[in-house]
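A.B. asks:
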Ligand code: GLN
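Numbering (the numbering used here), first residue to last: 2 to 492.
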């Protein structure tokens with residue numbers, strides 16, 4: 002098998018080949034490091050490549066496999082969004098304010114991967130503090146979409162999606178507060194899962210909006226996403242919001258059989274501004290689910306139109322509180338000044354980018370006395386209604402499908418002057434965060450030469466059903482086998 006073929010292996014195939022000693026983790030890791038060297042210049046998925054760490058982990062993995070003690074991901078190269086703290090690499094959240102910061106501990110998801118024997122290729126790009134939909138808010142340069150280098154990869158986990166789409170990682174981990182896993186997965190034609198709030202520990206995830214944040218995988222197949230979730234899911238004593246429910250064997254759900262299942266399509270998921278090619282591809286995907294034997298049921302999520310405005314009260318409010326800790330004293334950047342106050346002002350003024358400042362101001366305003374009830378408390382009430390919409394719909398159906406985004410990946414620079422246009426990329430991803438339910442994005446076709454994506458939502462903690470539907474669809478189509486042509490950049 003040549004080096005390029007090695008970089009396109011799924012985790013499931015790599016697992017089988019590693020266990021049969023047909024390939025070694027050292028080979029697999031080297032092939033990835035070489036590919037990153039060769040093509041990541043023009044893509045810029047990586048902020049920090051952990052070559053030495055990766056080679057050492059690969060050697061350990063090969064020894065562990067030889068002893069017959071391999072875990073699910075032993076020897077498999079993964080990339081980590083740079084909002085997950087790591088003991089042996091810098092963590093920046095793509096912000097100047099964290100330049101030079103080193104965490105004294107690993108995020109729980111990172112230590113679970115480490116214990117399982119995964120190989121860390123490096124830390125990948127994101128919008129600063131995960132605030133954005135295009136990765137253009139990174140302080141360290143934009144990531145380019147492997148399908149068209151003039152377009153954004155989506156965001157905020159754009160490095161995590163682009164690295165998997167370009168064969169620069171087998172799987173990656175991102176975070177999703179309002180769509181930051183599913184939307185970039187959709188824009189790059191890969192699979193992205195936001196698990197149920199509470200399914201995966203957030204300990205060591207640099208907090209954006211704590212009541213919405215959740216960590217999840219990017220992969221090139223549903224099975225690989227299931228394997229990754231298997232390793233990272235479950236109660237963690239360090240995160241009191243992680244839930245002590247048993248973690249099922251997710252691969253058991255991948256039967257390909259969805260006959261008789263009830264799948265909901267929400268009336269409200271048709272909006273002005275939806276690209277015709279997106280409408281066409283998602284409608285065809287729904288037809289396919291019907292052909293596979295599912296019963297398609299129209300459901301209503303009447304408060305959907307309030308999700309976006311409610312999110313832009315709740316998320317900035319929580320962000321303004323979470324980001325108060327970056328004060329020039331405890332972490333990273335610290336700019337000297339004549340007084341403590343001036344030091345705070347200069348460090349935060351120069352350390353944070355424009356979008357982060359916008360969120361802090363929006364959030365501080367929404368939480369200030371006199372406005373708190375009118376904005377924050379009201380947003381919480383609307384959030385309850387959004388959750389109730391899903392509860393009522395799930396009384397009728399097993400899963401709900403919707404497009405992931407109203408458009409395909411847009412051109413770099415096209416929306417940077419208009420934050421509202423940028424925010425609109427998430428109309429259909431935000432409701433799942435507000436309700437806390439799981440959602441997966443899977444490739445479902447192309448429009449304008451760019452990938453289109455279908456979302457599947459499930460009941461809280463029912464990731465198995467989400468995987469079942471997504472996998473059955475994936476197996477019936479060819480989308481997830483298609484790869485971007487990177488020969489122009491030597492790929
Ligand atoms: N794009 C949304 C935002 O800018 C969601 C980001 C996320 O999920 N981290 O807030």
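Using N, Cα and C, we set each Cβ at its ideal position, and we do this for glycine too. Note that the structure is a prediction, hence the values are computed from the model and not measured.
Would you grab the beta carbon distance between residue 251 and residue 429 for me? Rounded to a whole angstrom, and I think it's under 8 Å.
C.D. replies: Indexing the chain shown from 1 puts residue 251 at position 250. Indexing the chain shown from 1 puts residue 429 at position 428. Actually they do not touch by this definition, with Cβ atoms about 24 Å apart.
A.B. asks: Could you round the C-beta distance between residue 121 and residue 54 to whole angstroms and report it? I think they count as a contact, below 8 Å.
C.D. replies: Here the question's residue 121 lines up with position 120 in the chain shown. Here the question's residue 54 lines up with position 53 in the chain shown. Right, their Cβ atoms sit about 6 Å apart.
A.B. asks: Over what stretch of residues does the beta strand (DSSP E) that includes residue 47 continue unbroken?
C.D. replies: On the chain shown, position 46 is the one that residue 47 refers to. Looking at the DSSP string, the run of the beta strand (DSSP E) that includes residue 47 is 47-50.
A.B. asks: Return the Cβ separation of residue 220 and residue 172 in integer angstroms, given the expectation that the two are a contact with Cβ distance under 8 Å.
C.D. replies: Here the question's residue 220 lines up with position 219 in the chain shown. Here the question's residue 172 lines up with position 171 in the chain shown. So it is a contact: roughly 5 Å between Cβ atoms.
A.B. asks: From the DSSP output, which residues share a beta bridge with residue 412?
C.D. replies: As a working mapping, residue 412 is identified with position 411 in the chain shown. Paired residues: 152.
A.B. asks: Would the beta-carbon of residue 133 be found less than 6 Å away from any heavy atom of ligand 1?
C.D. replies: For the purposes of this step, residue 133 is taken as residue 132 along the chain shown, with counting starting at 1. Residue 133 Cβ: within cutoff of ligand 1.
A.B. asks: Pop quiz: residue 107 and residue 75 are said to be a contact at Cβ under 8 Å. What is the actual Cβ separation, rounded to whole angstroms?
C.D. replies: To locate residue 107, count along the chain shown from 1; it is residue 106. To locate residue 75, count along the chain shown from 1; it is residue 74. So it is not a contact: roughly 17 Å between Cβ atoms.
A.B. asks: I'd like to check one pair, residue 387 with residue 377: are the Cβ atoms closer than 7 Å?
C.D. replies: Within the chain shown, residue 377 is the residue found at index 376, counting from 1. Within the chain shown, residue 387 is the residue found at index 386, counting from 1. The answer is no: Cβ separation not under 7 Å.
A.B. asks: Does the distance between the C-beta of residue 178 and the nearest non-hydrogen atom of ligand 1 fall short of 6 Å?
C.D. replies: What you label residue 178 is simply residue 177 of the chain shown in a count that begins at 1. Checking the Cβ of residue 178 against ligand 1 gives yes.
A.B. asks: Rounded to whole angstroms, what is the Cα-Cα separation between residue 96 and residue 32?
C.D. replies: One-based indexing of the chain shown puts residue 96 at position 95. One-based indexing of the chain shown puts residue 32 at position 31. For residue 96 and residue 32, the distance between alpha carbons rounds to 30 Å.
A.B. asks: Counting only the same chain and skipping the five closest in sequence on each side, list residues whose C-beta sits under 8 Å from that of residue 110.
C.D. replies: Position 109 of the chain shown, counted from the start, is the residue given in the question as residue 110. Cβ neighbours of residue 110 beyond the five flanking positions: 85, 174, 201, 202, 205, 206, 216, 233.
A.B. asks: Rounded to whole angstroms, what is the Cα-Cα separation between residue 389 and residue 492?
C.D. replies: Counted from its first residue, the chain shown places residue 389 at position 388. Counted from its first residue, the chain shown places residue 492 at position 491. Roughly 47 Å between the two C-alpha positions.
A.B. asks: Tell me whether residue 479 is buried or exposed, calling it buried when 16 or more other Cβ atoms sit within 10 Å of its Cβ.
C.D. replies: For the purposes of this step, residue 479 is taken as the residue at position 478 of the chain shown. Its Cβ having fewer than 16 others within 10 Å, residue 479 is exposed.
A.B. asks: Can you name, in chain order, every residue of its own chain whose Cβ lies under 6 Å from the Cβ of residue 476, other than the five neighbours on each side?
C.D. replies: Taking the chain shown and counting its residues from 1, the one referred to as residue 476 is at position 475. If we look at residue 476 and ignore the five residues flanking it on each side, its Cβ neighbours are 257.
A.B. asks: Using a 10 Å radius around the Cβ and a threshold of 16 neighbouring Cβ atoms, would you call residue 274 buried or exposed?
C.D. replies: Residue mapping note: residue 274 aligns to position 273 of the chain shown, counting from 1. It counts as exposed.
A.B. asks: Is residue 173 near ligand 1 - that is, is its Cβ less than 6 Å away from at least one heavy atom of it?
C.D. replies: Counted from its first residue, the chain shown places residue 173 at position 172. No, since every heavy atom of ligand 1 falls outside the 6 Å radius drawn around the Cβ of residue 173.
A.B. asks: Based on Cα-Cα distance, which residue from 199, 158, 359, 440 lies nearest to residue 419?
C.D. replies: One-based indexing of the chain shown puts residue 419 at position 418. The option with the nearest alpha carbon to residue 419 is 359.
A.B. asks: On a CA-only basis, which of 451, 361, 438, 50 is nearest residue 209? Give me that one, please.
C.D. replies: Walking along the chain shown from the start, residue 209 turns up at place 208. Among 451, 361, 438, 50, the Cα nearest to that of residue 209 belongs to 361.
A.B. asks: Specify the secondary structure class of residue 447 as computed by DSSP and reduced to three states.
C.D. replies: Residue mapping note: residue 447 aligns to position 446 of the chain shown, counting from 1. Reduced to three states, the DSSP call for residue 447 is strand.
A.B. asks: Quick one, which of 79, 424, 344, 165 has its alpha-carbon nearest residue 317's?
C.D. replies: Sequence index remark: in the chain shown, residue 317 carries index 316 (1-based). Measuring from the Cα of residue 317, the nearest candidate turns out to be 424.
A.B. asks: Is it the case that the region 303-320 contacts the region 262-269, given that we only count it when at least three CB pairs across the two stretches are under 8 Å?
C.D. replies: Yes, since at least three Cβ pairs between the region 262-269 and the region 303-320 fall closer than 8 Å, the two stretches touch.
A.B. asks: CB of residue 116 to nearest heavy atom of ligand 1: below 6 Å?
C.D. replies: On the chain shown, residue 116 is found 115 positions in, with the first residue counted as 1. Not under cutoff, so the answer is no.
A.B. asks: Just to confirm, does residue 181 get its C-beta within under 6 Å of one of the non-hydrogen atoms of ligand 1?
C.D. replies: By one-based count along the chain shown, residue 181 stands at place 180. Residue 181: yes, Cβ under 6 Å from ligand 1.
A.B. asks: With hydrogens ignored, establish whether the beta-carbon of residue 157 is closer than 6 Å to any heavy atom of ligand 1.
C.D. replies: As a working mapping, residue 157 is identified with position 156 in the chain shown. Indeed, a heavy atom of ligand 1 lies less than 6 Å from the Cβ.
A.B. asks: Skipping 5 residues on each side, what residues in its chain have a beta carbon closer than 7 Å to that of residue 405?
C.D. replies: As a working mapping, residue 405 is identified with position 404 in the chain shown. Taken in chain order, the residues that qualify are 183, 184, 187, 429, 430, 442, 454, 455, 456.
A.B. asks: When you compare the region 238-255 with the region 29-46, are there three or more beta-carbon pairs, one atom per stretch, that lie closer than 8 Å?
C.D. replies: Contact fails: fewer than three Cβ-Cβ distances are below 8 Å.
A.B. asks: Taking only runs of the beta strand (DSSP E) that begin and end inside the region 369-402, which ones reach a length of at least 3 residues, in chain order?
C.D. replies: You should have found no qualifying run.
A.B. asks: Sorry if obvious, but does the Cβ on residue 63 come closer than 6 Å to a heavy atom of ligand 1?
C.D. replies: Residue 63 sits at position 62 when you count from the first residue of the chain shown. No, since every heavy atom of ligand 1 falls outside the 6 Å radius drawn around the Cβ of residue 63.
A.B. asks: Please work out which residues of its chain come closer than 8 Å, Cβ to Cβ, to residue 43, disregarding the five sequence neighbours upstream and downstream, and give them in chain order.
C.D. replies: Counted from its first residue, the chain shown places residue 43 at position 42. Only 145, 150, 490 meet the Cβ criterion.
A.B. asks: Where residue 71 and residue 411 are concerned, what is the direct C-alpha to C-alpha distance, given to the nearest angstrom?
C.D. replies: Position 70 of the chain shown, counted from the start, is the residue given in the question as residue 71. Position 410 of the chain shown, counted from the start, is the residue given in the question as residue 411. The alpha-carbon atoms of residue 71 and residue 411 are separated by roughly 41 Å.
A.B. asks: Does DSSP put residue 265 in a helix, a strand or coil?
C.D. replies: Locating residue 265 in the chain shown gives position 264, counting from the first residue. Strand at residue 265.
A.B. asks: Locate the alpha helix (DSSP H) running through residue 89, then write down its first and last residues.
C.D. replies: Mapped onto the chain shown, residue 89 falls at position 88. Looking at the DSSP string, residue 89 is not in any alpha helix (DSSP H), and its letter there is neither H nor E.
A.B. asks: Short check: CB of residue 260 to CB of residue 294, under 7 Å?
C.D. replies: For the purposes of this step, residue 260 is taken as residue 259 along the chain shown, with counting starting at 1. For the purposes of this step, residue 294 is taken as residue 293 along the chain shown, with counting starting at 1. A contact, by the Cβ cut-off of 7 Å.
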